[in-house]
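When we follow this note's numbering, the leftmost residue of the sequence shown carries the number 2, and every step to the right adds one. Beta carbons are placed, not taken as given, at the ideal position from N, Cα and C, and that holds for glycine. One structure below.
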Amino acid sequence: MKFKIFSIILMFIIVFSACEKIAFDKKAENSNISNFNYLWEQVNQKYAFLEYKNVDWDSIYVAYRPLISNDISEDSLFTVMGKMLNELKDGHVNLISPFNISRYDITMLGPVNINMRLIKENYLLDNYYSTGSFVHNFIRNGDIAYIRYSSFADSQITDYELDFLIEKYKDTKGMIIDIRQNGGGYVTNVPMLLSRFTHEDTKIYETQIKTGVGKDNFSVLEDVIIKSNDKKKYNKNLAVLIDRGSYSASSFFAVSTYAYDNIFLVGDYTGGGLGLPNGGQLANGWPYRFSITRTIAIDGKNYENGVKPDYYIILNPNLNAIDNVIEFAADKLLENNKISKL
């Protein structure tokens with residue numbers, strides 16, 4: 002296996018971002034049947050998780066192909082193909098038309114494990130700071146830093162923002178980064194964040210691309226490594242809060258923490274989304290995308306269906322003015338013992 006630093010992997014992100022440099026067969030027949038067959042075949046050849054998810058794609062064809070004829074409307078064609086794609090149960094799978102976008106709502110897989118009003122009123126309070134995409138404050142009498150990071154998509158994290166956070170909370174006994182219901186965004190923010198919690202080069206996972214039909218048709222596994230740097234570090238333990246709404250870049254962040262002895266996950270399983278999407282375009286002009294890479298964690302497992310927390314804790318809505326997920330994480334940080342990992 003070749004060792005690659007994280008910046009090399011960013012080429013995958015650029016190439017495989019949805020709707021980037023969309024390619025299609027200009028000679029393909031533009032009919033309902035032809036477009037349906039083409040989309041089915043593209044998934045059959047390139048989708049990374051058919052075997053992992055135990056999806057019998059041939060059976061899916063048998064179920065949906067009879068619903069297609071060249072006489073049905075565009076709306077009906079879109080509906081059938083959208084339902085077919087949703088059999089993959091993947092939030093990175095979409096079909097896009099001028100009148101609709103097919104989607105699989107990953108947040109519906111589990112309960113919302115966060116109450117933002119409760120957090121604002123009882124943890125962030127009125128004097129919270131807003132630094133880039135982070136909102137944050139001290140909790141537990143100043144002993145714990147609580148940082149709410151609601152979206153990897155809002156903006157690229159800057160070194161200035163991270164320097165400010167680390168300097169502000171350098172004397173705390175532990176830090177919480179809350180990415181519950183964070184649906185993802187810039188994967189480049191993952192190494193930016195994690196590099197501030199280690200002084201060493203750290204292999205965080207392996208990745209490979211689907212190259213053809215069959216469960217073994219993948220490229221050679223490439224190691225993804227976060228390089229050490231001389232920037233400010235937070236040297237205490239970190240708790241990361243997750244739930245089923247933590248998707249895509251949030252899952253990449255979560256699965257990467259498996260490589261760190263000083264970071265632990267608290268909450269529900271993430272929603273997954275550990276395959277980078279690539280797209281194409283049907284002959285009728287409709288773009289599509291689906292996951293064509295897979296991620297293998299440092300324990301050798303594929304967590305596409307959800308990254309497992311180190312401590313499984315579900316929000317108790319019956320507690321008055323208390324987020325028991327935050328409280329559990331804070332308690333573990335204040336124990337000041339060696340973290341128990343998976």
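- Following the DSSP letters along the chain, one finds Tyr65 inside the alpha helix (DSSP H) bounded by residues Trp58 to Tyr65.
- When the alpha-carbon of Asn101 is set against those of Ile158, Tyr65 and Tyr289, the nearest one is in Tyr289.
- Taken through DSSP and simplified to helix, strand or coil, Asp332 comes out as helix.
- Distance check between Gly301 and each of Leu239, Ile210, Lys216 and Ile205 places Ile205 closest, using alpha-carbon atoms only.
- The three-state reading of DSSP puts Asp324 in coil, since its state is none of H, G, I, E or B.
- In the DSSP assignment, Met109 falls outside any alpha helix (DSSP H), carrying neither H nor E.
- A check of alpha carbon separations from Phe219 across Asn138, Asn317, Ile293 and Ser32 identifies Ile293 as the nearest.
- Collapsing the DSSP output to three states places Lys204 in a strand.
- Look at the beta carbons and you see the stretch 208–215 not touching the stretch 227–245: under three pairs across the two are nearer than 8 Å.
- Put simply, of Met82, Tyr170 and Ile177 the residue whose alpha carbon is nearest the alpha carbon of Ile148 is Ile177.
- Taking each of Leu126, Trp287 and Gly276 in turn and checking the Cα distance to Ser32, the smallest one comes out for Trp287.
- Counting along the chain, Gly133 sits inside no beta strand (DSSP E), nor does DSSP assign it H or E at all.
- Taken in chain order, the whole beta strand (DSSP E) runs of length 3 or more contained in the stretch 152–210 are 175–179 and 203–210.
- Ile34 is a Cβ neighbour of Ile69, given a cutoff of 7 Å.
- Of the residues assessed, Gly215 falls on the exposed side of the cut-off, its CB having fewer than 16 other CB atoms within 10 angstroms.
- Taking a 10 Å sphere around the C-beta of Ile227, we find 16 or more other C-beta atoms and assign the residue as buried.
- Here the stretch 112–126 does not lie against the stretch 189–204, with fewer than 3 beta-carbon pairs under 8 Å apart.
- No Cβ-Cβ contact shorter than 7 Å links Phe329 with Val241.
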